[in-house]
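Inspection log for the structure reproduced underneath, given as structure tokens.
In the working numbering, the protein residues as written are 130 to 294.
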């Protein structure tokens, strides 16, 4: 059994349950039943509209985003499913900041709930830079089932890797 790299840090009894689901072949099908709905957010423009819609709903006072794109260079192996960056430039005597969000391209084919979870995570970084208590409170404000979605996304990544490998 390969190591469950996406689930590192979870309790041993939970990992045993996951291993049993992998062994009996039920992990992928159970996730497919739980998250059957896909999404239509396939282009960078659609992703920008989706992200700015969530931002305007939950973070009206946050700085605007200058760019939101799918990025096929983001590597899940390096634990980057999405990134947020702030680029500061000096223009004359003013400092201009541009904020960008990049989402790994694999989310074009992911269930809608997982895309939302990644977007919520990256949007929360507009207000909270660290993964602290306030950060996760903001994530659960935008997606009340955030923690379950994060765990299920890790399961989905594990099942997807096993299906390919």
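Each residue gets a CB set at the ideal place from its N, CA and C atoms; glycine is no exception.
No experiment lies behind these values; they were computed from the predicted model shown.
Under the three-state DSSP convention, the category residue i falls into
{"i": "residue 251", "result": "helix"}
{"i": "residue 219", "result": "strand"}
{"i": "residue 206", "result": "For residue 206, the pLDDT reaches just 47, beneath the cut-off of 50, and the residue's location in the model is therefore unreliable, leaving the point undetermined."}
{"i": "residue 155", "result": "coil"}
{"i": "residue 189", "result": "coil"}
{"i": "residue 164", "result": "coil"}
{"i": "residue 259", "result": "coil"}
{"i": "residue 102", "result": "Residue 102 is absent from the model: the chain starts at 130 and stops at 294."}
{"i": "residue 283", "result": "helix"}
{"i": "residue 242", "result": "helix"}
{"i": "residue 181", "result": "helix"}
{"i": "residue 174", "result": "helix"}
{"i": "residue 290", "result": "helix"}
{"i": "residue 132", "result": "coil"}
Span of the beta strand (DSSP E) around residue i
{"i": "residue 196", "result": "196 to 200"}
{"i": "residue 227", "result": "223 to 233"}
Boundaries (first-last residue) of the alpha helix (DSSP H) holding residue i
{"i": "residue 136", "result": "Segment: none, residue 136 is in no alpha helix (DSSP H) and carries neither H nor E."}
{"i": "residue 272", "result": "Residue 272 -> no alpha helix (DSSP H), and no H or E assigned at all."}
Residues near residue i in its chain [Cβ-Cβ closer than 8 Å; skip 5 each side]
{"i": "residue 246", "result": "272, 275, 278, 279, 282"}
{"i": "residue 237", "result": "170, 171, 199"}
{"i": "residue 285", "result": "160, 164, 239, 240, 243"}
7 Å Cβ shell around residue i - same chain, five flanking residues per side excluded
{"i": "residue 201", "result": "234"}
{"i": "residue 268", "result": "249, 250, 253, 275"}
{"i": "residue 241", "result": "166, 167, 168"}
{"i": "residue 206", "result": "Summary for residue 206: the model assigns pLDDT 47, below 50, so the residue's position carries little reliability, and this model does not support an answer."}
Close-in-space but distant-in-sequence residues of the same chain around residue i (CB under 6 Å, 5 per side omitted)
{"i": "residue 181", "result": "none"}
{"i": "residue 150", "result": "156"}
- request: Tell me, please, whether the stretch 184 to 194 touches the stretch 253 to 262 by the rule of three or more beta-carbon pairs shorter than 8 Å.
  value: yes
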